[in-house]
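Residue 1 is where the sequence shown starts when you use UniProt numbering, and the numbers rise one by one after that. For each residue, glycine too, the CB sits at the ideal point set by N, CA and C. These notes are about the structure you will find just below.
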Amino acid sequence: MQPTTLDILMGLAGIFLVNRLISSKGRPPLPPGPKGLPVIGNVFDMPKRQFWSAFKSWGEKYGKSPILYLRLRDIVYVNLLGQPMIIVNSAKQAISMLDKKSSIYSDRPSLEMCNMTAWNEILGMLPYGDRLRETRRMLHGVMGSKASVEGLYPIIEEESKKYLTKVLDDPDEVASSIRQTAGAIILRIAYDYHVKEVNDPFVELVDKAIQEFSIITTPNAYLVNVFPILRYIPSWFPGAGFKRTATAYKQTCTDMATLPLRYVEDQMAAGNASPSFSSAQLARQLTDEQYITMKWAAASLYGGGADTTVSSLHSFLLAMTLFPEVQQKARSEIDTVVGNDRLPSLADREHLPYIDALVKEVLRWHPVAPLGLPHRVVKDDVHEGYFIPKGSMVIANIWGILHDHQVYANPMDFNPDRFLSAPGHDAEVDPRSFCFGFGRRICPGWHNLHPLTVHRLKRGFLGLKLADASVFLSCAMTLAVYDISKAIDVNGSPICPIVDFTDATVSHPKPFKYTIKPRSAKAEALIRSDS
1 MQPTTLDILM GLAGIFLVNR LISSKGRPPL PPGPKGLPVI GNVFDMPKRQ
51 FWSAFKSWGE KYGKSPILYL RLRDIVYVNL LGQPMIIVNS AKQAISMLDK
101 KSSIYSDRPS LEMCNMTAWN EILGMLPYGD RLRETRRMLH GVMGSKASVE
151 GLYPIIEEES KKYLTKVLDD PDEVASSIRQ TAGAIILRIA YDYHVKEVND
201 PFVELVDKAI QEFSIITTPN AYLVNVFPIL RYIPSWFPGA GFKRTATAYK
251 QTCTDMATLP LRYVEDQMAA GNASPSFSSA QLARQLTDEQ YITMKWAAAS
301 LYGGGADTTV SSLHSFLLAM TLFPEVQQKA RSEIDTVVGN DRLPSLADRE
351 HLPYIDALVK EVLRWHPVAP LGLPHRVVKD DVHEGYFIPK GSMVIANIWG
401 ILHDHQVYAN PMDFNPDRFL SAPGHDAEVD PRSFCFGFGR RICPGWHNLH
451 PLTVHRLKRG FLGLKLADAS VFLSCAMTLA VYDISKAIDV NGSPICPIVD
501 FTDATVSHPK PFKYTIKPRS AKAEALIRSD S
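What follows is the structure, encoded as C-alpha cells:
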C-alpha cells in the first residue's frame, strides 16, 4: 500500500521529534506550557478563536508556582507538529527578548502561504536583512519623524472633514465611509491618488487584500505554514484547495502593489504628477532592485496604514455606544477648549488631554493586531533560565500585555482616565509603547519609542505615527459634531451591542448596531460649511 500524505507528515514529525529529544540532553528546560501529545504536540490544544485571550490564560494556568509565578506566567511554550512557538505575555519579557536581544529575535518566520501569495514582499513579512533596512529607510522620509508627519496634517484634516459629510449624507454607511476615508489619506500620501466618492477601485482592492492577508496569517489557518513541503502537492490532490486560494490571493496582492504605482507612472509620463512618496522615489532613477523595493514599500504604507485606522475607528464607535459617560466627558472637553464654532484640528491635540487619553484607551482596549506579527529567533537562546530553540516562532501577545493587571488597573474596564495623572495617581503606561511592535520590527514612524531597557515602561510616548494622528482627529471631529448612541429596536428598547471581535491578524469589532446623528442644527451647519 502506498503511503498517504498523512503517513509522510507523521513520519517527518517523528524524525524531527527524535532529533529534538537527542539534542535536548543537558540543556535548560523549555518554558512551561500545555503538555501536548507525542509527535503532534499541542495541535489539539490550540484555541478555535480569541487566541489572545486563550494565550493569556495559558500563562496564568501554567505558572502556578508561588515562588516563580511572576516569571513563569510571562512565557509559554507550545509545539505544533515540531514547530516550537513561544508566547510572550508581559511587556517586561517582550522588551527583554525582542528589544534587548533584537539581533537574534528580529527575523520573521517564513509562512508558506505568504510566499505563495506575494505577501512575503511586504514590509511586515520581510526577513531581517538589507531589503528590510532599505524599505524602512525609504519610508523614513514620509513617516520617520514628527516633522514629516506634521507635513501631512493638511491631507489628514481635509479628508477627515469629508468623512463627516459622508456620515451626514448616509449615516447607515458609516463603515464604508471609514474605509473610504482611511484609504483616501493613505492613497494621497503614497501615490497622490484622489479617491472617488463611492466604490473606489483602489480602496476596494486594499480592503480585499488586507482581509486575505489576515486570513493566511491567522494561527492554525493553513497546514502548509507548518509543513512547507505541502506546497508541492498537485492542485488536484485532496486537501490542496489552499493552492487555488493562494493563486487568487496572489493576484490581489500583486494588483495592490502594481496598479496604484502604474497610475503614478502614467501621471509622471503625462507631466501631471503631484508630490507623493512614490513620485519622489521614482524621480531618483532607481535600479531594478530599488524599484521593486520601492513598489512594495509603497504597498506596505498603503496596505498597513489604512486598516489600522479602520479597525481603531470601529472600536471607537463601539466604545462610545457602550459608554455614554465617556462620550459626554470627551465632548465637554472639546466644547470647553475648541468651542462649537469650528472643528478640532491636530493643533488642538496638546490642549485636549482627555481626547488623547480616549484614543490611547481605544488602542489598549482592543489593539488592532492583538498578536502582532510573529518573530523568529535565529539561534538557540537561554532566556530567564529557559531554553528557546533556534527557529522558534515568537509571538508577543499584545492584547495580553495591554490587559495585564500588573500594568493596568482593572484592565477589562474601558477607562480613559487611567492615562491622566491626578493627585495620588500616576498615568498608566501608554499602550502605543506596545501595540505597534517591538525591537527592529517596530512600525516605521515610532522612532525612539522603545529604549532598550525595561525603564521604557515609565517613559512617555516620543514618536508620532501617521495612523495615530488620523485616528485622533477622526475621533475628535466626530465627537465635536455627532452624538453616538445605542440603536432602538421595534419595541422602543435600546439594543446593547455585544463586544466581540474578529479573529484575524488585523482584528475588527464584529458588526453592531448604533445610531449616529448631528448634535444640533448648528453642528450640521458646521459640517456642511467645512466640507
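| message | Please return the same chain residues whose Cβ sits closer than 8 Å to the Cβ of Leu373, not counting the five positions on each side in sequence. | response | Counted from its first residue, the sequence shown places residue 373 at position 373. Excluding positions up to five away in sequence, the list reads Arg108, Gly124, Met125, Thr217, Gly437, Arg441 and Thr505.
| request: May I ask you to report which of helix, strand or coil DSSP gives Ser421? | output: Residue 421 sits at position 421 when you count from the first residue of the sequence shown. Coil.
| said: If we define contact as Cβ-Cβ less than 8 Å, is Val471 a contact residue for chain D? | reply: As a matter of chain content, chain D is missing from the structure shown, which is built from one protein chain.
| said: With H, G and I counted as helix, E and B as strand and the rest as coil, what does DSSP make of residue 539? | reply: As displayed, the chain neither begins before 1 nor continues past 531, which places residue 539 out of reach and without an answer.
| Buried or exposed (CB count within 10 angstroms, at least 16 for buried), Ser520 | Residue 520 sits at position 520 when you count from the first residue of the sequence shown. Ser520 is exposed by the Cβ-count criterion.
| Curious, which full-length beta strand (DSSP E) runs of at least 3 residues does the region 65-129 contain? | With a minimum length of 3 residues, the continuous beta strand (DSSP E) runs that stay inside the region 65-129 are 75-80 and 83-88.
| request: Give a yes or no on contact between the region 238-249 and the region 210-227, applying the rule of three or more CB pairs nearer than 8 Å. | output: Because the criterion of three Cβ pairs below 8 Å is met, the region 238-249 and the region 210-227 touch.
| said: With H, G and I counted as helix, E and B as strand and the rest as coil, what does DSSP make of Phe237? | reply: Along the sequence shown, read from residue 1 onward, the residue named residue 237 stands at position 237. Coil.
| Hey, quick one: how far does the alpha helix (DSSP H) through Ala469 stretch, first residue to last? | Within the sequence shown, numbered from 1, the residue matching residue 469 stands at position 469. From DSSP, the alpha helix (DSSP H) with Ala469 extends over Leu466 to Val481.
| field | Of the listed residues Ser315, Ile495, Ala299 and Trp58, nearest to Phe213 (C-alpha basis) | value | On the sequence shown, position 213 is the one that residue 213 refers to. Nearest of Ser315, Ile495, Ala299 and Trp58 to Phe213, Cα basis: Ala299.
| field | Where the alpha helix (DSSP H) through Met393 begins and ends | value | For the purposes of this step, residue 393 is identified with residue 393 of the sequence shown, where counting begins at 1. Here Met393 belongs to no alpha helix (DSSP H); instead the beta strand (DSSP E) covers Met393 to Ala396.
| query | Run through DSSP, which three-state label would Lys166 get? | reply | Taking the first residue of the sequence shown as position 1, residue 166 is located at position 166. In the structure shown, Lys166 adopts helical secondary structure according to DSSP, grouped into three states.
| field | DSSP beta-bridge partners of His405 | value | Mapped onto the sequence shown, residue 405 falls at position 405. Looking at the DSSP assignment, His405 forms no beta bridge with any residue, so it has no partner.
| field | 8 Å contact criterion, which Val338 and Tyr105 should meet: CB distance rounded | value | To locate residue 338, count along the sequence shown from 1; it is residue 338. To locate residue 105, count along the sequence shown from 1; it is residue 105. Wrong, their Cβ atoms sit about 44 Å apart, outside the cutoff.
| Cβ-Cβ distance between Met256 and Val203 below 8 Å | Position 256 of the sequence shown, counting from 1, holds the residue named residue 256. Position 203 of the sequence shown, counting from 1, holds the residue named residue 203. Contact flag unset, no.
| query | Should the region 422-439 be called in touch with the region 399-407, which here means at least 3 C-beta pairs below 8 Å? | reply | Contact holds: three or more Cβ-Cβ distances are below 8 Å.
| message | So if DSSP puts Pro518 in a beta bridge, which residue, or which two residues, is it bridged to? | response | Counted from its first residue, the sequence shown places residue 518 at position 518. Answer is Tyr482, bridged to Pro518.
| request: Could you have a look at Asp500 and say whether DSSP puts it in helix, strand or coil? | output: On the sequence shown, position 500 is the one that residue 500 refers to. If DSSP states are grouped into helix, strand and coil, Asp500 belongs with coil.
| query | Roughly how many angstroms separate the alpha carbons of Tyr482 and Gly183, rounded to a whole number? | reply | Translated into positions along the sequence shown, residue 482 becomes position 482. Translated into positions along the sequence shown, residue 183 becomes position 183. Roughly 22 Å separates the two Cα atoms.
| field | For Ile381, three-class secondary structure by DSSP | value | For the purposes of this step, residue 381 is taken as residue 381 along the sequence shown, with counting starting at 1. As written in the sequence, residue 381 is Asp, which differs from the Ile given in the question. Secondary structure at Asp381: strand, using DSSP grouped into helix, strand and coil.
| said: So, at 7 Å on beta carbons, what are the nonlocal neighbours of Glu197 in its own chain, with the 5 sequence-adjacent residues on each side left out? | reply: For the purposes of this step, residue 197 is taken as residue 197 along the sequence shown, with counting starting at 1. Contacts found: none.
| field | Cα-Cα separation between Leu402 and Glu150, rounded to whole angstroms | value | Here residue 402 corresponds to residue number 402 of the sequence shown, with the count starting at 1. Here residue 150 corresponds to residue number 150 of the sequence shown, with the count starting at 1. Each residue's CA atom was taken as its position, placing Leu402 and Glu150 some 28 Å apart.
| query | Taking just the CA atoms, how far does Pro234 sit from Thr478? | reply | Numbered from 1 along the sequence shown, position 478 holds the residue referred to as residue 478. Numbered from 1 along the sequence shown, position 234 holds the residue referred to as residue 234. About 52 Å.
| query | What's the C-alpha gap between Gly460 and Ser421? | reply | Locating residue 460 in the sequence shown gives position 460, counting from the first residue. Locating residue 421 in the sequence shown gives position 421, counting from the first residue. Interpretation of Gly460 is limited by its pLDDT of 32, a score under 50 that renders its predicted location unreliable; the figure taken from the coordinates is listed afterwards. A direct Cα-Cα distance of roughly 12 Å separates Gly460 from Ser421.
| request: With Ala190 as the anchor, note down where its alpha helix (DSSP H) starts and where it stops. | output: One-based indexing of the sequence shown puts residue 190 at position 190. For Ala190, the uninterrupted alpha helix (DSSP H) run begins and ends at Val174 to Tyr191, by DSSP.
| request: Give a yes or no on whether the C-beta atoms belonging to Lys486 and Cys496 are separated by under 8 Å. | output: As a position in the sequence shown, residue 486 is number 486, starting the count at 1. As a position in the sequence shown, residue 496 is number 496, starting the count at 1. Yes. Within cutoff.
| request: Would you tell me roughly how many angstroms separate the C-alpha atoms of Ser392 and Ser110, rounded to the nearest one? | output: Taking the first residue of the sequence shown as 1, we reach residue 392 at position 392. Taking the first residue of the sequence shown as 1, we reach residue 110 at position 110. C-alpha separation (whole angstroms): 11 Å.
| said: Using the Cβ count rule (16 or more neighbours within 10 Å means buried), how would you classify Gln285? | reply: To locate residue 285, count along the sequence shown from 1; it is residue 285. Burial call: exposed.
| field | Reference Trp365; option with closest CA among Arg349, Arg432 and Glu350 | value | Within the sequence shown, numbered from 1, the residue matching residue 365 stands at position 365. When the alpha-carbon of Trp365 is set against those of Arg349, Arg432 and Glu350, the nearest one is in Arg432.
| query | DSSP three-state call for Pro201: helix, strand or coil? | reply | Looking up residue 201 in the sequence shown gives position 201. DSSP places Pro201 within a helical segment (H, G or I) once states are collapsed to three.
| query | For Val310, which of Glu121, Leu37 and Ile178 has the nearest alpha-carbon? | reply | Start at 1 with the first residue of the sequence shown, and residue 310 comes out as number 310. Among Glu121, Leu37 and Ile178, the Cα nearest to that of Val310 is on Ile178.
| Reference Asn120; option with closest CA among Val142, Ser279, Ser148 and Ala297 | The residue you call residue 120 lines up with position 120 of the sequence shown. When only C-alpha atoms are compared, the closest one is Ala297.
| said: Quick check: what's the CA-CA separation for Glu333 versus Pro38? | reply: For the purposes of this step, residue 333 is identified with residue 333 of the sequence shown, where counting begins at 1. For the purposes of this step, residue 38 is identified with residue 38 of the sequence shown, where counting begins at 1. Taking the straight line from one Cα to the other gives about 59 Å.
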